[in-house]
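**Student:**
There are 2 protein chains.
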Amino acid sequence: MSDLEQISLELEARGYRVTPSRRAVIAAILARKNHFAADELAKRCRGAGRATVFRTIRLLSDLGVVCRVLMDDGSPRYLVSRSGHHHHLVCTECGTVQDLDQCAVSGALREIADASGYEIEGHWLELYGRCAACRARTAVLA
Amino acid sequence: MSDLEQISLELEARGYRVTPSRRAVIAAILARKNHFAADELAKRCRGAGRATVFRTIRLLSDLGVVCRVLMDDGSPRYLVSRSGHHHHLVCTECGTVQDLDQCAVSGALREIADASGYEIEGHWLELYGRCAACRARTAVLA
DNA sequence: GCCGAGTTGATACTAGGTCTCAACTGAGAC
DNA sequence: GTCTCAGTTGAGACCTAGTATCAACTCGGC
Ligand SMILES: [Zn+2]
Ligand SMILES: [Zn+2]
Ligand SMILES: [Zn+2]
Ligand SMILES: [Zn+2]
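If you're matching them up, the sequences are chains A and B in order.
Letter by letter, the first sequence follows residues 1404 to 1545 in my numbering.
Letter by letter, the second sequence follows residues 1404 to 1545 in my numbering.
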C-alpha cells in the first residue's frame, strides 16, 4: 500500500473526506524529498488552492502525518513525520533536518514539575548545529 | 543605579547610542509587569515609532536584556531577561511565564551530538503546562 | 433525486515583523 | 563653534505565514 493510500485511509478513519484536492496536496508533500514551506507547496501544487493547501497541512499536522520544524531563522517548515513524539536536529548550514527519536527532556520533566508546581502538558524543542557533512566540508577547506 | 541606566550603559559599552527613542522603549519595557507583545508595546509607547520599537526589542534581545517566549498558540512574547541561558515554563491557562534557570537539555546534548555526528550549536526549548495557581483553582471547582 | 454536512477557493484580512529612504542627530574632528 | 558623517529615526511599503469569510460545490446516505 502506498503512502498516499495509507494516509487516505487514516483520513477516512477519522471521518474526513478524501477529496481530489487533498489527494493532490498529500501527493505533493510525499513528492518533496526534504522539508518544505507551506507557501512553496501551495505554489507548486496545482489541484488545490492556497487555503486548501494550508488547511490540509494543518489537518495532516494534527493527525501526526507531517511535523512542523522551526528553522534557526524562525521560519517554519514541514516534514513528513515518521514517528510519534520526537524532536529535530537542524543543520544551520545546509538545512538538513534529522529526526531524533529520543526525547531529550522527558527525563527532566518530572523534576521540573516537582520544583515548579506546574503540571507539564507539553514542550517544544529544536536543536541546531552543523551536520557531519557540513563539518567535513569545512574541515577540508581549513 | 536604575535598570534603565544599567541598560543604557550596556548599550553605550557596545557602541550604540542611547537616544530618547531607545530610552522610551526601554522604559516602556521595564514598566510592563509580565510578558508583552511587540506590537502592543509599539502602540503603548509614545516616543518611538513602530519600526524603532521592533528594532530596539531586537537589539535588546541580541544583548540578552529581553528574551523571546513562544506561547503555546505560537505567538511570540517578550520578557525582561534576568539571567543568561535559560528556558521558560508557560502556563497554558493564565499565560504566566516562569524562568527555568537550569537547562533541561544540556546533559543530553553531548550524547545526541555523538550519536548524530552533528556539532550542536544551540537549541530552543519551551515547556507548557498549568501553573500551581491554575491547578488549585480547577481543583476547587471539581 | 434530495438533503445537509463537509469541502473548496478567491479574496480579504491579520500578526508580526523587515525594508526603504529621506530626514534628523549628535559625538568627535577641526 | 561648526562641520561632518555614521548612526538613528519614522512613515509607509512590503513580506511571510498564515486565518476568516462566504458563496458555490460535492457527495454519502436516505
Ligand atoms: Zn548540513
Ligand atoms: Zn520531547
Ligand atoms: Zn496559570
Ligand atoms: Zn537550554
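Think of the CB as a built atom: it goes at the ideal place given N, C-alpha and C, for glycine as much as any other residue.
Using only the heavy atoms of ligand 1, determine whether one of them is closer than 7 Å to the beta carbon of A/R1533.
**Tutor:** Mapped onto the first sequence, residue 1533 of chain A falls at position 130. Within the cutoff, so yes.
**Student:** Could you name the residues of chain B that A/Q1409 contacts, counting a contact when the two beta carbons are closer than 9 Å?
**Tutor:** The residue labelled residue 1409 of chain A in the question sits at position 6 within the first sequence. What A/Q1409 touches in chain B: nothing, since even the nearest Cβ is about 28 Å away.
**Student:** Buried or exposed, going by whether 16 or more other CB atoms sit within 10 Å of the CB of B/G1418?
**Tutor:** Here residue 1418 of chain B is taken as the residue at index 15 of the second sequence, counted from 1. With fewer than 16 other Cβ atoms within 10 Å, it is exposed.
**Student:** Is the distance from the Cβ of A/S1424 to the Cβ of A/A1451 below 8 Å?
**Tutor:** Counting from one through the first sequence, the residue named residue 1424 of chain A turns up at place 21. Counting from one through the first sequence, the residue named residue 1451 of chain A turns up at place 48. Contact: yes.
**Student:** What is the DSSP secondary structure of A/Q1505, reduced to helix, strand or coil?
**Tutor:** Mapped onto the first sequence, residue 1505 of chain A falls at position 102. Reduced to three states, the DSSP call for A/Q1505 is coil.
**Student:** Could you name the residues of chain A that B/G1498 contacts, counting a contact when the two beta carbons are closer than 7 Å?
**Tutor:** Taking the first residue of the second sequence as position 1, residue 1498 of chain B is located at position 95. Within 7 Å Cβ-Cβ: nothing; B/G1498 doesn't reach chain A, min ~13 Å.
**Student:** For A/C1537, which three-state DSSP category applies?
**Tutor:** Counting from one through the first sequence, the residue named residue 1537 of chain A turns up at place 134. Correct three-state label for A/C1537: helix.
**Student:** Looking at the C-beta of A/S1478, does it have a partner C-beta in chain B at a distance below 8 Å?
**Tutor:** For the purposes of this step, residue 1478 of chain A is taken as residue 75 along the first sequence, with counting starting at 1. Not one chain B Cβ lies under 8 Å of A/S1478.
**Student:** Taking 7 Å as the cut-off, is the CB of A/A1516 close to at least one heavy atom of ligand 3?
**Tutor:** The sequence position of residue 1516 of chain A within the first sequence is 113, counting from 1. No, the beta carbon of A/A1516 sits no closer than 7 Å to any heavy atom of ligand 3.
**Student:** Can you confirm whether B/T1455, when its beta carbon is compared against all beta carbons of chain A, has any partner nearer than 8 Å?
**Tutor:** Position 52 of the second sequence, counting from 1, holds the residue named residue 1455 of chain B. So no, B/T1455 is outside the interface.
**Student:** So, using beta-carbon positions, are A/A1511 and B/A1507 closer together than 8 Å?
**Tutor:** Translated into positions along the first sequence, residue 1511 of chain A becomes position 108. Translated into positions along the second sequence, residue 1507 of chain B becomes position 104. Yes, they are a contact pair.
**Student:** Return the residue from the list B/R1533, B/R1513, B/L1530 that minimises the CA-CA distance to B/E1524.
**Tutor:** In the second sequence, the residue the question calls residue 1524 of chain B occupies position 121. For the residues B/R1533, B/R1513, B/L1530, the minimum Cα distance to B/E1524 belongs to B/R1513.
**Student:** Taking all protein chains shown into account, decide if B/T1459 is buried (16 or more other Cβ within 10 angstroms of its Cβ) or exposed.
**Tutor:** Taking the first residue of the second sequence as position 1, residue 1459 of chain B is located at position 56. Its Cβ being crowded by 16 or more others within 10 Å, B/T1459 is buried.
**Student:** What span of residues does the alpha helix (DSSP H) with A/V1456 cover, start to end?
**Tutor:** On the first sequence, position 53 is the one that residue 1456 of chain A refers to. Run containing A/V1456: 1453-1466, per the alpha helix (DSSP H) assignment.
**Student:** Give the residues of chain A in contact with B/C1534, contact being defined as C-beta atoms less than 9 Å apart.
**Tutor:** Residue mapping note: residue 1534 of chain B aligns to position 131 of the second sequence, counting from 1. Simply S1519, G1520, Y1521, E1522.
**Student:** Given B/V1559, which residues of its chain have a CB within under 8 Å of its CB, disregarding the five upstream and five downstream residues?
**Tutor:** Because chain B here runs from 1404 to 1545, residue 1559 of chain B falls outside it and cannot be looked at.
**Student:** Apart from the five residues just before and just after B/R1447, which ones in its own chain have a Cβ nearer than 8 Å to its Cβ?
**Tutor:** Here the question's residue 1447 of chain B lines up with position 44 in the second sequence. Taken in chain order, the residues that qualify are A1431.
**Student:** In whole angstroms, what is the alpha-carbon distance linking B/L1463 and B/S1411?
**Tutor:** Here residue 1463 of chain B refers to the residue found at position 60 when the second sequence is read from its first residue. Here residue 1411 of chain B refers to the residue found at position 8 when the second sequence is read from its first residue. Answer to the nearest angstrom: the Cα atoms are 11 Å apart.
**Student:** Which of helix, strand or coil does DSSP assign to A/V1472?
**Tutor:** If you number the first sequence from 1, residue 1472 of chain A lands on position 69. Strand at A/V1472.
**Student:** Hey, is A/E1496 close to ligand 1, as in C-beta under 7 Å from one of its heavy atoms?
**Tutor:** Numbered from its first residue, the first sequence carries residue 1496 of chain A at position 93. For ligand 1, at least one heavy atom lies less than 7 Å from the Cβ of A/E1496.
**Student:** Since B/R1420 is in the beta strand (DSSP E), which residue starts that stretch and which ends it?
**Tutor:** The residue given as residue 1420 of chain B occupies position 17 in the second sequence. Neither: B/R1420 is in no beta strand (DSSP E) and is coded neither H nor E.
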